[in-house]
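Take a look at the structure set out below.
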Amino acid sequence: MDSSDEDDFAAGDEVTWRSHGSTVEGTVEKKITDRRTEAGRTVAASEREPQYLVRSADSGRTAVHKGTALRRKDPE
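Going by UniProt numbering, the sequence shown opens with residue 1, and the numbers climb by one from there.
Following this line, the structure appears as structure tokens:
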């Protein structure tokens with residue numbers, strides 16, 4: 001798997017990310033490939049540099065992150 005595959009996620013993927021010094025677990029809701037407003041901010045995504053709308057498993061809040069900020073959740 002090359003690095004671009006590692007940063008490519010799909011809706012339903014379980015992921016983790018760092019937020020305010022702790023690790024958050026959640027699920028990818030959708031891949032964003034254009035400039036739009038999501039999760040209360042303007043997201044400058046593109047086909048070449050997609051971003052992902054994720055929902056926290058604990059709080060239920062949504063956020064948008066680049067693929068490089070997300071990690072696939074380790075299977076338990």
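For each residue, glycine too, the CB sits at the ideal point set by N, CA and C.
Quantities reported herein were computed from a predicted structural model and do not represent experimental measurements.
Where residue i and residue j are concerned, what is the direct C-alpha to C-alpha distance, given to the nearest angstrom?
i          : j   : result
D13        : H20 : 22 Å
K73        : G26 : 9 Å
A10        : T68 : 14 Å
residue 83 : E6  : Any property of residue 83 remains undetermined from this structure, which presents the chain solely from 1 to 76.
D8         : R41 : 22 Å
Looking only at its chain, what residues have a beta carbon closer than 8 Å to the beta carbon of residue i, apart from the 5 residues adjacent to it on each side?
i   : result
F43 : Residue 43 is actually Val in this sequence, not Phe. Only I32, R35, R36, T37, Q51, V64 meet the Cβ criterion.
T62 : E29, E38, A39, L53, V54, R55, S56
Who are the near neighbours of residue i in its chain, counting only those whose CB is closer than 6 Å to its CB and skipping five residues on each side?
i   : result
A57 : E25, G26
For residue i, which three-state DSSP category applies?
i   : result
T68 : helix
E49 : coil
Might you give, ordered along the chain, the residues of its own chain that have their beta carbon closer than 7 Å to the beta carbon of residue i, omitting 5 neighbours on each side?
i   : result
T16 : T23, V24, E25, R71, K73
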